[in-house]
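Structure first, then comments.
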Amino acid sequence: MSMREYFIKYKKAFTLIGLLLVISPIFGVYLASLIGYHEPLDIAASMLGLNETTEEINWTPLLDYTVPGLPDWLGYIVSGVIGVLVVLVLAFVFLKLTRL
Numbered sequence: 000m001s002m003r004e005y006f007i008k009y010k011k012a013f014t015l016i017g018l019l020l021v022i023s024p025i026f027g028v029y030l031a032s033l034i035g036y037h038e039p040l041d042i043a044a045s046m047l048g049l050n051e052t053t054e055e056i057n058w059t060p061l062l063d064y065t066v067p068g069l070p071d072w073l074g075y076i077v078s079g080v081i082g083v084l085v086v087l088v089l090a091f092v093f094l095k096l097t098r099l
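Just so we're aligned: 63 in numbering that gives the first Met the number 0 is position 64 of the sequence shown, and the numbers increase by one with no gaps anywhere.
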């Protein structure tokens, strides 16, 4: 079965994934800043007096789910799309390899 056929067969699932990608900035950007949410590991690190090295050791272009040059909410969606595509491609390759 081709990737296109999977998209047709699981159209409802992919529609739900798309909807979740579009509304994810509401939870990850807007509501997180509204309630002052901070990552638990960041809080633990500050309690232990550990230094923030994220800016010094930035090994990813999508730091904190943002894309340079885009607003935070759009970067959140782009990061989500990239993540979903990576998982789908890996799953599709795995399926193809196991059905040889």
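Virtual Cβ for every residue (Gly too), placed ideally from N, Cα, C.
For Y75, the enclosing alpha helix (DSSP H) starts and ends at D71 to T97.
In the structure shown, the three-state DSSP call for I16 is helix. In the structure shown, M46 falls within a helical segment according to DSSP collapsed to helix, strand and coil. Listed in chain order, the non-local C-beta contacts of L94 below 6 angstroms within the same chain number zero, local neighbours out to five positions each way being set aside.
The distance from the Cβ of S32 to that of Y75 is about 12 angstroms, inconsistent with a contact at the 8 angstroms cut-off. Counting along the chain, the unbroken alpha helix (DSSP H) around Y5 starts and ends at M2 to K8. If you look at I25, you'll find it isn't in any alpha helix (DSSP H); DSSP assigns it neither H nor E. Taking a 10 Å sphere around the C-beta of G68, we find fewer than 16 other C-beta atoms and assign the residue as exposed.
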